[in-house]
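Working notes, beginning with the structure itself.
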Amino acid sequence: MTNYKSSKDYVEMLIEGILITGIVAPIIEEIVFRGVLLKYIEEKTNIVFAVIVTSILFSVVHLFNGELVGMDRYLLIIAGTLAGIMYTTATYVYNSIWASILLHAFWNLWGLFTISNSKIDYGIFQYVINNNNIFITGGDYGMDASLISISGYILISAILLFKKYKY
2 MTNYKSSKDY VEMLIEGILI TGIVAPIIEE IVFRGVLLKY IEEKTNIVFA
52 VIVTSILFSV VHLFNGELVG MDRYLLIIAG TLAGIMYTTA TYVYNSIWAS
102 ILLHAFWNLW GLFTISNSKI DYGIFQYVIN NNNIFITGGD YGMDASLISI
152 SGYILISAIL LFKKYKY
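According to my numbering, the residues represented by the sequence shown are 2 to 168, in order.
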C-alpha cells in the first residue's frame, strides 16, 4: 500500500524542517558546544584539546538520532567530529558563535534536500540514488555521514583557516 502525503503534510514537514532543523537545533547545539563547553574546556586546558573534545561530544550526541551499528556508527562519529571542527573553525575565524550558528543552519537546511538509497520519510525533496555504498550514501544516518560530506567539512574548515591566516 502506498502512503500518499497531502500538501498539508508537506507544508507541516517544511515548517518543522525549517524551524527545528534549520533554526532551533543549530542555535541550541552551537550555544552548548561552541558557546559553553568549548570556552570552558579551553580555559581549563587549551584550544586544541577543547576543539577535539567538544567535536567528539558533538558527534556522540548525534548517535541518539537513530540506532546505528557497525560502519554506520563509525562514519557518523568521524563525520560529526569533522563537522564539529568545521563549526568551531567558523567560530574562531569570525570570533563569534553566530558564524557557527549560521553555518550550521545552512548546512542543516541543505539537508531538506535528501539523497538516499531508499525512499525516506524526512526531507522535502528527495533523490533516490541506486547505490548501496555507505561511503557514498552515508549509510543509515544519511548523506551527512558520507565521504562527500566529510570532504565538505574538511574543505570548508581549510577555506576558513586559509581566510584567517592569509592576512
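Beta carbons: idealized from backbone N, C-alpha and C, even for Gly. Everything numeric in this text was worked out from a predicted model, so none of it was measured.
Residue i versus residue j: straight-line alpha-carbon distance, rounded
i: Ile29; j: Ile130; result: 32 Å
i: Glu68; j: Ser101; result: 27 Å
i: Val54; j: Ile78; result: 12 Å
i: Ile48; j: Ile155; result: 18 Å
Beta carbon of residue i nearer than 8 Å to that of residue j
i: Ile135; j: Leu76; result: yes
i: Phe65; j: Gly81; result: no
i: Leu104; j: Tyr93; result: no
i: Gly36; j: Ile86; result: no
i: Asn133; j: Ala26; result: no
Nearest to residue i (by Cα), restricted to the options the options
i: Leu38; options: Pro27, Ala51, Asn47 and Ala26; result: Ala51
i: Ile137; options: Thr22, Met72, Ile86 and Leu58; result: Met72
i: Phe34; options: Val62, Ile155 and Leu148; result: Val62
i: Trp111; options: Phe163, Met14 and Ile19; result: Ile19
Whole-angstrom C-beta distance between residue j and residue i, which should lie under 8 Å
i: Gly23; j: Ala106; result: 5 Å
i: Ser152; j: Gly139; result: Contact flag wrong, Cβ pair sits at about 12 Å.
i: Ser158; j: Thr46; result: That belief does not hold up - the Cβ atoms of Ser158 and Thr46 are roughly 21 Å apart, past 8 Å.
Proximity test, Cβ basis, 8 Å: residue i and chain C
i: Ala84; result: The structure shown contains no chain C; it holds only a single protein chain.
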